[in-house]
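**Q** Protein chains in written order, with the UniProt record's numbering: chain A, 1 to 415; chain B, 1 to 385. Using N, Cα and C, we set each Cβ at its ideal position, and we do this for glycine too.
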Amino acid sequence: MEIDPVTNGNTDAVMTEPTPAISPSRPLVPSSRLSQLTESIKLEHQLLRVPFEHYKKTIRANHRSLEREVSSVVSSVGDLADNDWSKDVAVSRLTSLVSRLQGLKRKLEEGSNVENLQAQRCRARIDHLDSADVENITEWNNTKLKRILVDYMLRMSYFETASKLSESSNILDLVDIDIFREAKKVIDALKRREVASALAWCADNKTRLKKSKSKLEFQLRLQEFIELVRADSYKQAILYARKHLTPWGATHMNELQHVLATLAFKSTTECAKYKALFELQQWDVLVHQFKQEFCKLYGMTMEPLLNIYLQAGLTALKTPYSFEEGCTKEDPLSQESFRKLALPLPYSKQEHSKLVCYISKELMDTENPPQVLPNGYVYSTKALKEMADRNKGEIKCPRTGFVCNHTDLIKAYIS
Amino acid sequence: MELKSIKDAFDRVANKQKLSYTKTQEIIQMLSQELDKALILLQEQFDQRPILASLKKTLQENSPLTQIEVREKELNMALTKYPKVLEKQQLNSDISKAYRHNVEFDTHVVNQIIANFFYRQGMFDVGDCFLAETGDESECSTRRSFVEMHQIVEAMEMRRELGPALNWATSNSEKLRQARSDLEMKLHSLRFLEIARDQTSQEAINYARKHMAGFADSSLYEIQKLICSLLWSRNLEHSPYSDLLAPSRWNDAVRELTRQYCNLLDESSESALSTTLAAGTQALPVLLKYMNVMVAANKKLDWQSVEQLPVAVELSEEFQFRSVFVCPVSKEQASDENPPMMMSCGHVLCKQTINKMSKNGARSSFKCPYCPTDVDISKCRQLHF
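Structure below.
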């Protein structure tokens, strides 16, 4: 704090003088920009949730296997103590238990390393959101655009492009390539009409699926049953049903009965109700269901982020006049491809008039009010004055060619 | 919204996980030690049964499983809390609520847009890889032009070479003039400073005479600065004109070049994709809030087939590309069927409102709602914004 020696004669004056304002650590920014930034961060739930779910899953899986090992060791000891084994057997068993524990220790360490890496990734994302500032907002938005594009690539399974893009833009920590790869394995297997990986996935996530009352496992089992019927292996089908479908009978009896009845039909049946069950499209339905469960588990949206943002943006930019010619090239809707996408979308609603001068592309407001030519065309005061000054008071409408004098202009009042 | 509480919640989780890990390691260590002890005793003594029995008892007393359980439970609590913290901080858990599901985006069009974006940013290998993976046979038409643009820009940025840029600018001089761009002047000044530095002042003046004379009416001040800077030809860093050497002038020139190049390709100065996504970022919170309110009020909304958004989305100024006229009386947006009309007093209403006010021609004049002037319908003029 600088004290001006001229104005402060005695120390008393110094004490009573109000302290000068401490300069703000950041320059005053328009609050709208700041609130816009906050709103944009609020949309980033998926960014934080997905790696967290992955982290949680790893922790739980590690814990389960740890529990199994420890309880098996303890019960082996109990078994040794209770029964009458010979000394050699006891020694050999104990030694094997000791080495098992060593192995467990190692596994635990590895598991913890993996968990730490995932925790790091979660932290990196939180930090990334924290780093968003009004000063570096263009760069942050650029990164956001790349993240959205990588998400699109992953959902369409373009893994090579996704990796290339993430590496070149340095956003590997902010994208979830491995999670999508995991999903792709299951989806590919389903497309090959194999349920094994999908069932393994269901087993891995049993508790979560149960909590959300998911029917996925049931549907997978039903499909396997139908395949057995299709291959005419009736006996196997019945055994399979006994083993795997009966537990679901309590909750889904109707569906179970419906499918079991396929036993009575051949796969080439013409009966509509049962023909539908034999359709190969059922596999596509399964793929879709898997995707739904997968996205729900990880807290992801079903649709690519790109589509969500594009739709919102296009509909907010669209006006009834958007498809006319003569609009500025800055408008994304002046481009053919964006127009095609925006065609089925509703146009935006605005509560107040906002007028843009055709000549200068500036806003026509109270400081630069609109002026009307005798032919009904409207331009901003500034642009018309400039034109008049350059052409000795003559005004020529750029859109119709109509000529008039600067004095012929009438002011319009738009609220 | 506080990111700090999210960080804290996550830190808690991470700490509990570390705690759980160390404790578990301790427990396993304890187990191994007990087993080792038992093994040593077995080697020495004859009867294994009491040893084994005591081992079993120790294990039961220490109850490793319960200990692990306790830690795991604490960790679980922290894990369940975290998503709740996220939600409390108003992170929108499902941003697809406002998505119209019956609208399918043509993947081919989207791919073209993405490929165009990559080429525009100079990421040619990513763009090529992308098109290869999509299996799109058609090549992006703008690729070649963007390659050229990036070669020019690279020459400027990496090697401080102005040749290609100047060539391009002079060959498109007419269009640049129409667009009222000062690109040529910028490039010429950079070249001028180069010549002044590397060659003689006389050569620089010759260059200025040859190339900059035509810009006298628009850039006189700049030309004056440049010529005056010749007085300090070898000592420009210490002259009042030292800012002429600033590297930001190169960046400005590159930016202006990119903008004009894109403009001539019929593209926008800012990538259309980033503009649309930025607009989307502003629009989404409004749309989501609206959906939430409708759901909470249990109102059914035929979201999927409305022609106009039911809620107003105010985008910031940079997204206003077209005039939008909203009739102050009916709050409807002007369109071809309902154009804005100006009354003789200068106030503007939409056609339908004027018709209503005059009872569809039954009355020949009515009072303007803003100023109490009598308005004659026949004198109302249609406006074109």
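Look up Tyr-347 (chain A) in the DSSP assignment and say whether it is helix, strand or coil.
**A** Counting from one through the first sequence, the residue named residue 347 (chain A) turns up at place 347. Looking at Tyr-347 (chain A) - three-state DSSP - the assignment turns out to be strand.
**Q** On the DSSP bridge assignment, give the partners of Lys-396 (chain A) in chain order.
**A** Here residue 396 (chain A) refers to the residue found at position 396 of the first sequence. According to DSSP, which records beta bridges pairwise, Lys-396 (chain A) is partnered with A:Val-403.
**Q** Could you run through the segment 263-289 of chain B and flag, in chain order, every residue whose CB is less than 9 Å away from some CB of chain A?
**A** Listed by position along the chain: Asn-263, Asp-266, Glu-267, Ser-268, Ser-269, Glu-270, Ser-271, Ala-272, Leu-273, Ser-274, Thr-275, Thr-276, Leu-277, Ala-278, Ala-279, Gly-280, Thr-281, Gln-282, Ala-283, Leu-284, Pro-285, Val-286, Leu-287, Leu-288.
**Q** Under a CB-based cut-off of 8 Å, is Gly-103 (chain A) close to chain B?
**A** Counting from 1 along the first sequence, the entry for residue 103 (chain A) is found at position 103. It does not: the Cβ of Gly-103 (chain A) has no partner Cβ on chain B nearer than 8 Å.
**Q** In this structure, does DSSP put Tyr-377 (chain A) in helix, strand or coil?
**A** Residue numbering aside, residue 377 (chain A) sits at position 377 when the first sequence is read from its first letter. Strand.
**Q** Considering only the alpha carbon of each residue, which of B:Tyr-119, B:Ala-169, B:Trp-250, B:Ala-334 lies closest to Met-158 (chain B)?
**A** The residue given as residue 158 (chain B) occupies position 158 in the second sequence. That would be B:Trp-250, whose Cα lies nearest to the Cα of Met-158 (chain B).
**Q** Quick one: Cα of Leu-383 (chain B) to Cα of Tyr-119 (chain B), how far?
**A** As a working note, residue 383 (chain B) is residue 383 in the second sequence. As a working note, residue 119 (chain B) is residue 119 in the second sequence. When rounded, the distance between both Cα atoms is 41 Å.
**Q** Cα-Cα, which of A:Arg-106, A:Lys-361, A:Ile-41, A:Asn-62 is closest to Gln-17 (chain B)?
**A** The residue given as residue 17 (chain B) occupies position 17 in the second sequence. It is A:Asn-62 whose Cα lies nearest to the Cα of Gln-17 (chain B).
**Q** Cβ closer than 7 Å: which chain B residues qualify as neighbours of Ser-337 (chain A)?
**A** As a position in the first sequence, residue 337 (chain A) is number 337, starting the count at 1. Ordered by position in chain B, the residues that pass the 7 Å Cβ test against Ser-337 (chain A) are Val-109, Gln-112, Ile-113.
**Q** Can you give me the Cβ contacts of Glu-2 (chain B) inside the same chain, cut-off strictly under 8 Å, excluding the 5 residues immediately before and after it?
**A** If you number the second sequence from 1, residue 2 (chain B) lands on position 2. So the qualifying residues of the chain are Gln-89.
**Q** If you draw a straight line from the alpha carbon of Tyr-261 (chain B) to that of Phe-124 (chain B), how long is it in whole angstroms?
**A** Locating residue 261 (chain B) in the second sequence gives position 261, where the first residue counts as 1. Locating residue 124 (chain B) in the second sequence gives position 124, where the first residue counts as 1. Going by the C-alpha atoms only, they are around 17 Å apart.
**Q** Among B:Phe-385, B:Asp-376, B:Lys-97, which one has its Cα closest to the Cα of Lys-361 (chain A)?
**A** To locate residue 361 (chain A), count along the first sequence from 1; it is residue 361. Closest by alpha carbon: B:Phe-385.
**Q** Identify whether Glu-17 (chain A) lies in helix, strand or coil by the three-state DSSP scheme.
**A** Counting from one through the first sequence, the residue named residue 17 (chain A) turns up at place 17. The predicted position of Glu-17 (chain A) is uncertain, since its pLDDT is 43 and thus under 50; no value can be drawn from it.
**Q** Taking C-beta to C-beta, are Glu-317 (chain B) and Leu-363 (chain A) nearer than 8 Å?
**A** By one-based count along the second sequence, residue 317 (chain B) stands at place 317. By one-based count along the first sequence, residue 363 (chain A) stands at place 363. Yes.
**Q** Going by beta carbon distance, what residues of the same chain come within less than 8 Å of Cys-295 (chain A), once the five residues before and after it are set aside?
**A** The residue labelled residue 295 (chain A) in the question sits at position 295 within the first sequence. These residues qualify, in order along the chain: Thr-301, Met-302.
**Q** Taking Cβ positions only, does Ala-412 (chain A) come closer than 8 Å to chain B?
**A** In the first sequence, counting from the first residue as 1, residue 412 (chain A) sits at position 412. Output row for Ala-412 (chain A): interface = yes.
**Q** Spell out whether any CB of chain B is found under 8 Å from the CB atom of Met-302 (chain A).
**A** As a working note, residue 302 (chain A) is residue 302 in the first sequence. By this cut-off, Met-302 (chain A) is an interface position.
**Q** Could I get the ranges of all uninterrupted beta strand (DSSP E) runs contained in the segment 86-155 of chain A, with 3 residues as the minimum, in chain order?
**A** Listed in chain order, there is nothing to give.
**Q** Could you name each continuous beta strand (DSSP E) segment of 3 residues or more that falls completely within the segment 191-224 of chain B, going from the start of the chain to the end?
**A** Runs of the beta strand (DSSP E) inside the segment 191-224 of chain B: none found.
**Q** Against chain A, does Arg-322 (chain B) count as a neighbour if the rule is that its beta carbon must be under 8 Å from one of theirs?
**A** Here residue 322 (chain B) corresponds to residue number 322 of the second sequence, with the count starting at 1. Yes, its Cβ sits closer than 8 Å to a Cβ of chain A.
**Q** In chain B, which residues lie with their C-beta within 8 Å of the C-beta of residue 418 (chain A)?
**A** No statement about residue 418 (chain A) is possible, as the shown extent of chain A runs from 1 to 415 and does not include it.
**Q** Helix, strand or coil for Ser-157 (chain A)? Go by DSSP, reduced to three states.
**A** To locate residue 157 (chain A), count along the first sequence from 1; it is residue 157. The answer is coil: DSSP assigns Ser-157 (chain A) none of H, G, I, E or B.
**Q** Mind checking whether Leu-199 (chain A) and Glu-217 (chain A) have CB atoms under 8 Å apart?
**A** Locating residue 199 (chain A) in the first sequence gives position 199, where the first residue counts as 1. Locating residue 217 (chain A) in the first sequence gives position 217, where the first residue counts as 1. Contact flag set, yes.
**Q** Return the chain-ordered list of same chain residues with a C-beta closer than 7 Å to the C-beta of Phe-117 (chain B), the five sequence neighbours on each side being excluded.
**A** In the second sequence, residue 117 (chain B) corresponds to position 117, counting from 1. Once the five neighbours on either side are set aside, the close Cβ partners of Phe-117 (chain B) are Ser-271, Leu-273.
**Q** What residue from B:Gln-308, B:Asp-198, B:His-211, B:Gln-199 has the CA that sits closest to Ser-189 (chain B)'s CA?
**A** The count along the second sequence starts at 1 and reaches residue 189 (chain B) at position 189. Ranking B:Gln-308, B:Asp-198, B:His-211, B:Gln-199 by Cα distance to Ser-189 (chain B) puts B:His-211 first.
**Q** According to the Cβ coordinates, are Thr-381 (chain A) and Pro-398 (chain A) closer than 8 Å?
**A** Numbered from 1 along the first sequence, position 381 holds the residue referred to as residue 381 (chain A). Numbered from 1 along the first sequence, position 398 holds the residue referred to as residue 398 (chain A). No, the pair does not count as a contact, with Cβ atoms beyond the cut-off.
**Q** Please name the residue, chosen from A:Asn-170, A:Cys-202, A:Ser-168, A:Asp-173, that lies closest to Ala-183 (chain A) on a Cα-to-Cα basis.
**A** For this step, residue 183 (chain A) is matched to residue 183 along the first sequence. Considering only alpha carbons, the answer is A:Cys-202.
**Q** How is the alpha helix (DSSP H) around Val-73 (chain A) delimited, first residue to last?
**A** Within the first sequence, residue 73 (chain A) is the residue found at index 73, counting from 1. Unbroken alpha helix (DSSP H) run through Val-73 (chain A): 45-82.
**Q** May I ask you to report which of helix, strand or coil DSSP gives Ser-25 (chain A)?
**A** On the first sequence, residue 25 (chain A) is found 25 positions in, with the first residue counted as 1. Residue placement at Ser-25 (chain A) is flagged as unreliable, the pLDDT there being 43, under the threshold of 50; the coordinate-derived value follows with that caveat. Ser-25 (chain A) falls in the coil class under three-state DSSP.
**Q** Quick test of the definition: if touching needs 3 or more C-beta pairs under 8 Å, does the segment 208-215 of chain A touch the segment 229-243 of chain A?
**A** Flag = no, the segment 208-215 of chain A and the segment 229-243 of chain A do not touch.
**Q** Determine which residues share a DSSP beta bridge with Ala-372 (chain A) and list them.
**A** For this step, residue 372 (chain A) is matched to residue 372 along the first sequence. For the sequence presented, residue 372 (chain A) should be read as Val rather than Ala. Per DSSP, A:Val-378, A:Ile-410.
**Q** List, in chain order, every chain A residue whose beta-carbon is nearer than 7 Å to that of Cys-129 (chain B).
**A** Numbered from 1 along the second sequence, position 129 holds the residue referred to as residue 129 (chain B). Result: Glu-160, Thr-161, Lys-164.
**Q** CA-CA distance, Ser-353 (chain A) and Arg-322 (chain B)?
**A** For the purposes of this step, residue 353 (chain A) is taken as residue 353 along the first sequence, with counting starting at 1. For the purposes of this step, residue 322 (chain B) is taken as residue 322 along the second sequence, with counting starting at 1. Cα-Cα distance, rounded: 11 Å.
**Q** Could you tell me whether the Cβ atoms of Leu-59 (chain B) and Val-98 (chain A) are closer together than 8 Å?
**A** On the second sequence, position 59 is the one that residue 59 (chain B) refers to. On the first sequence, position 98 is the one that residue 98 (chain A) refers to. Contact: no.
**Q** Give a yes or no on whether 8 Å exceeds the smallest Cβ distance from Met-158 (chain B) to chain A.
**A** By 1-based counting over the second sequence, the position of residue 158 (chain B) is 158. Answer no: the Cβ-Cβ gap between Met-158 (chain B) and chain A never drops below 8 Å.
**Q** Roughly how many whole angstroms lie between the Cα atoms of Gln-29 (chain B) and Pro-50 (chain B)?
**A** Reading the second sequence from its first residue, position 29 is the one you call residue 29 (chain B). Reading the second sequence from its first residue, position 50 is the one you call residue 50 (chain B). Answer to the nearest angstrom: the Cα atoms are 23 Å apart.
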